[in-house]
Amino acid sequence: MSEPDVSVVICVYTEDRWEDILAAVASVRAQSRPAREILLVVDHNQALLDRLAKEYKEPDESAGSGEVRVLANAGPRGLSAGRNTGIAASHGEIIAFLDDDAVAERHWLRYFVEGYADPQVMAVGGRTVPVWASGRRPLWFPEEFDWVVGAAYKGLPAGRAPVRNVLGGNASFRRTAFEAAGGFATGIGRDGDKRPLGCEETELCIRLTRARPDAVLLFDNRAVIHHRVPEARERFAYFRTRTYAEGLSKALVAQSVGADKGLESERRYATRVLPAGVARGLRDAVLARPGGAKRAGAIVAGVLTTAGGYVVGSLKARRNGTVFSVVPVAGTPAGEGGPE
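In this note's numbering, each residue carries its 1-based index in the sequence shown increased by 511.
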């Protein structure tokens with residue numbers, strides 16, 4: 512049986528990341544397992560759309576595999592609608608997503624495709640490694656909270672293992688997953704608001720396993736990408752803002768799919784992974800290792816701000832009702848979902 516072909520979707524929104532975008536595309540073109548196509552979905556930025564269309568107007572024979580197609584986000588501003596545009600316009604049996612400020616290792620797609628040998632597997636996600644602007648991890652920054660900067664965090668399984676949800680910046684899905692569950696919900700996740708919201712992939716994955724109870728979702732830590740962390744995100748102020756926004760986002764997820772499923776993984780994380788991290792930080796402090804006490808304190812602060820965001824988000828959700836919608840993107844014929 513032949514391997515499924517893969518479309519790669521990269522959502523972009525700002526010219527400030529121009530070099531990052533080019534590097535992301537180059538890393539996909541250099542894959543050992545070629546992509547069928549690369550779709551750059553531009554989020555309501557005409558100048559960037561025109562510049563990218565010009566950049567990739569002519570095929571580059573020396574650049575490796577992967578035709579590059581540049582599309583405008585056909586929905587409202589935000590990452591979810593951009594991804595839905597890419598899904599609807601793509602042709603691959605598997606649709607992979609890569610952050611616009613990340614580069615994939617050479618065998619990234621190969622490891623994704625291997626996971627789909629089992630027909631019950633509906634999604635495969637990979638490991639995201641942070642690339643700190645300062646050259647090294649801040650001493651106070653706990654690995655348990657690497658999700659704050661879009662990276663894989665301590666507590667995820669080793670090797671290849673089933674998970675509740677994959678992480679959106681380094682993930683892939685069967686096209687049939689979107690036929691079963693619909694697309695990414697708009698109103699959850701990043702949408703141009705100043706708050707760094709998230710969790711749109713969590714909500715989708717839970718919705719998927721409800722629609723397909725036999726579905727298996729995998730995390731494979733061999734499918735690696737390297738994600739750039741700008742200096743501003745190395746600061747505690749961003750850590751506090753992002754953890755609070757995560758709480759707001761989790762409240763929306765719980766509203767959509769219920770608290771039992773919406774917080775299932777978080778309960779284990781909060782009761783096992785984080786206490787162990789605090790203990791490790793305090794032990795390091797006793798042993799006079801740099802940053803131990805600060806890491807323990809950051810974990811406690813992260814828990815409190817996330818919980819605060821969740822309480823506020825829950826109150827707003829009850830007051831305002833549903834603030835997001837699910838788009839049935841898979842019903843659109845491939846290639847007709849976005850503007851040329």
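We put the beta carbon where it would ideally sit given N, CA and C, even for glycine.
What's the gap between the Cα of Ala818 and the Cα of Val632?
-> Along the sequence shown, read from residue 1 onward, the residue named residue 818 stands at position 307. Along the sequence shown, read from residue 1 onward, the residue named residue 632 stands at position 121. Whole-angstrom Cα-Cα distance: 33 Å.
Val517 versus Ala546 - alpha carbon distance | Within the sequence shown, the letter at position 6 stands for residue 517. Within the sequence shown, the letter at position 35 stands for residue 546. Each residue's Cα considered, the two are about 5 Å apart.
So is Glu654 in contact with chain B if we call contact Cβ pairs under 9 Å?
-> Included in the structure is just one protein chain, with no chain B present.
Rounded Cβ spacing between Arg621 and Ser683 (contact assumed at less than 8 Å) = Against the sequence shown, residue 621 aligns to sequence position 110. Against the sequence shown, residue 683 aligns to sequence position 172. In fact, because the Cβ distance is near 12 Å, the residues do not count as touching under 8 Å.
Can you give the Cα-Cα distance for Val797 and Glu690, rounded to whole angstroms?
-> Numbered from its first residue, the sequence shown carries residue 797 at position 286. Numbered from its first residue, the sequence shown carries residue 690 at position 179. Cα to Cα, Val797 sits roughly 54 Å from Glu690.
Who are the near neighbours of Gly603 in its chain, counting only those whose CB is closer than 6 Å to its CB and skipping five residues on each side?
-> Here the question's residue 603 lines up with position 92 in the sequence shown. For Gly603, where only same-chain residues beyond five positions count, the Cβ hits under 6 Å are Asp516, Val517, Ser518 and Arg547.
Please report how far the alpha carbon of Gly597 lies from the alpha carbon of Arg830, in whole angstroms.
-> Working through the sequence shown from its first residue, we reach residue 597 at position 86. Working through the sequence shown from its first residue, we reach residue 830 at position 319. Roughly 33 Å separates the two Cα atoms.
Helix or strand or just coil, what does DSSP make of Lys568?
-> Taking the first residue of the sequence shown as position 1, residue 568 is located at position 57. DSSP places Lys568 in coil when its eight states are reduced to three.
Among all the DSSP beta bridges, which residues are the ones paired with Ile521?
-> Locating residue 521 in the sequence shown gives position 10, counting from the first residue. In DSSP, Ile521 forms a bridge with Leu551.
In chain order, what residues of the same chain lie with their CB nearer than 6 Å to the CB of Thr720, ignoring the 5 residues before and after it?
-> Looking up residue 720 in the sequence shown gives position 209. Here the set comprises Ala726.
Other residues of its chain near Arg562: CB distance less than 8 Å, five sequence neighbours each side excluded = Residue 562 sits at position 51 when you count from the first residue of the sequence shown. Correct list, in chain order: Glu526 and Trp529.
What is the rounded straight-line gap between the Cα of Pro673 and the Cα of Leu728?
-> Residue numbering aside, residue 673 sits at position 162 when the sequence shown is read from its first letter. Residue numbering aside, residue 728 sits at position 217 when the sequence shown is read from its first letter. Cα-Cα distance, rounded: 5 Å.
Residue from Ala564, Phe652 and Val581 whose Cα sits closest to the Cα of Ala748 = As a working mapping, residue 748 is identified with position 237 in the sequence shown. The candidate whose alpha carbon is nearest that of Ala748 is Phe652.
Extent of the continuous beta strand (DSSP E) run through Ser683 | To locate residue 683, count along the sequence shown from 1; it is residue 172. Asn681 to Arg685 is the span of the beta strand (DSSP E), which, as asked, contains Ser683.
If we count the other Cβ atoms within 10 Å of its Cβ and call it buried at 16 or more, is Gly788 buried or exposed?
-> Counting from one through the sequence shown, the residue named residue 788 turns up at place 277. Result: buried.
Determine which residues share a DSSP beta bridge with Arg739 and list them.
-> Taking the sequence shown and counting its residues from 1, the one referred to as residue 739 is at position 228. Bridge partners of Arg739: Val642.
Same chain only: Cβ atoms within 8 Å of Ile605, ignoring 5 sequence neighbours per side = The residue labelled residue 605 in the question sits at position 94 within the sequence shown. Here the set comprises Pro515, Asp516, Val517, Ser518, Phe623, Val624, Tyr627, Ser683, Phe684, Arg685 and Arg686.
Classification of Gly670 by the beta-carbon crowding that lies within 10 angstroms, buried from 16 upward | Counting from one through the sequence shown, the residue named residue 670 turns up at place 159. Burial call: exposed.
If you drop the 5 nearest sequence neighbours on each side, which residues of the same chain put their C-beta closer than 8 Å to that of Thr816?
-> Position 305 of the sequence shown, counted from the start, is the residue given in the question as residue 816. The answer, listed in chain order, is Arg751, Thr754, Tyr755 and Gly758.
From Val553, Phe695 and Leu560, pick the residue whose C-alpha is nearest to that of Ala714; which is it?
-> Here residue 714 is taken as the residue at index 203 of the sequence shown, counted from 1. Position check: residue 714 holds Glu in this sequence, whereas Ala was assumed. Nearest of Val553, Phe695 and Leu560 to Glu714, Cα basis: Phe695.
Since I believe Leu609 is in contact with Arg580 (beta carbons under 8 Å), could you give me their beta-carbon distance rounded to a whole number of angstroms?
-> Locating residue 580 in the sequence shown gives position 69, where the first residue counts as 1. Locating residue 609 in the sequence shown gives position 98, where the first residue counts as 1. No, Arg580 and Leu609 are not in contact; Cβ-Cβ is about 15 Å, not under 8 Å.
Indicate whether Leu793 and Gly802 have their beta-carbon atoms separated by less than 9 Å.
-> Position 282 of the sequence shown holds residue 793. Position 291 of the sequence shown holds residue 802. It is not a contact, given that the beta carbons lie outside the stated cut-off.
Kindly identify the DSSP beta-bridge partner or partners of Asp731.
-> The residue labelled residue 731 in the question sits at position 220 within the sequence shown. Paired residue(s): Gly637 and Arg671.
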